[in-house]
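All residue numbers for the sequence shown refer to this note's numbering, where the first residue is 180 and numbers rise by one.
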Amino acid sequence: HFWGSQTFPAIWVFSASKEFRGIRVSDVDIVDPTYTGIMFQTKYNGSQPENPITDTVFTNVSISGVRKSGDAYDAKSGFAIWANEMPEPGQGPAVGSVTFNNLRLTNNYQDIRNTTTTFTINRN
């Protein structure tokens, strides 16, 4: 662990100080990640998100074997796909949307966690 108590996924989709759009990711297999398969996060300036995640597409993605970590970060683990609702103090929930084409999820503690009202996960 580094950066305090933040846990990191196999793929971290983080919209920060620059525009985040037009991203394409294809042909990915994530097997037995430590905490999470794919996590979506947005940087905030005060209470306002800086840049939403837009026009972002994942195609042919398989995520399997995501388990609870059983350590001090157990509550932040076990999600194949996670729209992070509260990454760390001073940050807010993921903002924007993502599309998955041919997403395969197997043998995970929780396939998709999205408790936000600010992020949409589209699955085709």
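Every residue, glycine too, gets a C-beta built ideally from N, C-alpha and C.
- For Gly275, the enclosing beta strand (DSSP E) covers residues 275-285.
- Between Asn287 and Gly225, the C-beta spacing is not below 9 Å.
- In the structure shown, Ala254 falls within a helical segment according to DSSP collapsed to helix, strand and coil.
- Exclusion of the five residues before and after Ile190 leaves Ile217 as the residues of its chain whose Cβ lies within less than 6 Å of its Cβ.
- In this structure, the straight-line span from the alpha carbon of Thr238 to that of Val210 is close to 16 Å.
- Counting along the chain, no beta strand (DSSP E) covers Gln185, and no H or E run does either.
- Using a Cβ distance threshold of 9 Å, Arg203 and Ile232 do not count as a contacting pair.
- Rounded to whole angstroms, the gap between the alpha carbons of Asn263 and Ala254 is 12 Å.
- In the DSSP assignment, Arg203 falls within the beta strand (DSSP E) that extends over 199-210.
- With 16 or more neighbouring CB atoms inside 10 Å of its own CB, Gly271 falls in the buried class.
- Contact between Ser276 and Asn293 does not hold, since the beta-carbon distance rounds to 11 Å and is not under 8 Å.
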